[in-house]
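Asks: There's a structure below that I have some questions on.
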Amino acid sequence: MDVLINVFVGLHIIGIASLLGGFLTQMKAMGAGTARFAPAMLHGALTMLVTGVLLVGFREMGDGAPLNHVKIGVKLAILFVVLALVYVKRDDEQVDKGLFATVGALTTANIFIAVLWH
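In case it helps, our numbering puts the sequence shown at residues 946 to 1063.
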């Protein structure tokens, strides 16, 4: 079971990298007002959602170690907002600077919540 969990943790990190990497590669375009949500950003957010839900399920099935449901709920809510924004605006040729920056900020916040909130 540990190997399976580690595989999904790796896939979760790949999803985060895809979403944040898509944002970071568009920062110059964001400054010029021509940024758009790349397909990799949508795929990364979806990967994060699926693997995150599976990881919570694995943890619940596991050794009974306590899981911080508030933390998981906050992370899930943030991810839903990011996913909704990226999904709705995925076909737009240009995305508003503030909206694009919001996706990057929420993604970064989600990373810090995962790492720092115990």
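Where a beta carbon is used, it is the ideal one built from N, C-alpha and C, also for glycine.
1) How many Å lie between A1022 and T1052 at the Cα?
2) Assuming the contact rule is C-beta atoms closer than 8 Å, A959 and T992 should be a hit. Round their C-beta distance to whole Å, please.
3) Can you tell me the Cβ-Cβ gap for H957 and G1007, rounded? I've got them flagged as a contact below 8 Å.
4) Residues in the same chain with beta-carbon distance under 6 Å from G976, minus the five sequence neighbours each way, listed in chain order, please.
5) The alpha helix (DSSP H) with L956 in it runs from where to where?
6) Please list the terminal residues of the continuous alpha helix (DSSP H) segment that includes L1012.
7) DSSP three-state call for T1047: helix, strand or coil?
Replies: Walking through what the data contain:
1) 11 Å
2) In the sequence as displayed, the identity of residue 959 is Ile instead of Ala. About 7 Å; that satisfies the 8 Å criterion.
3) Actually they do not touch by this definition, with Cβ atoms about 16 Å apart.
4) none
5) 947 to 970
6) Looking at the DSSP string, L1012 is not in any alpha helix (DSSP H), and its letter there is neither H nor E.
7) helix
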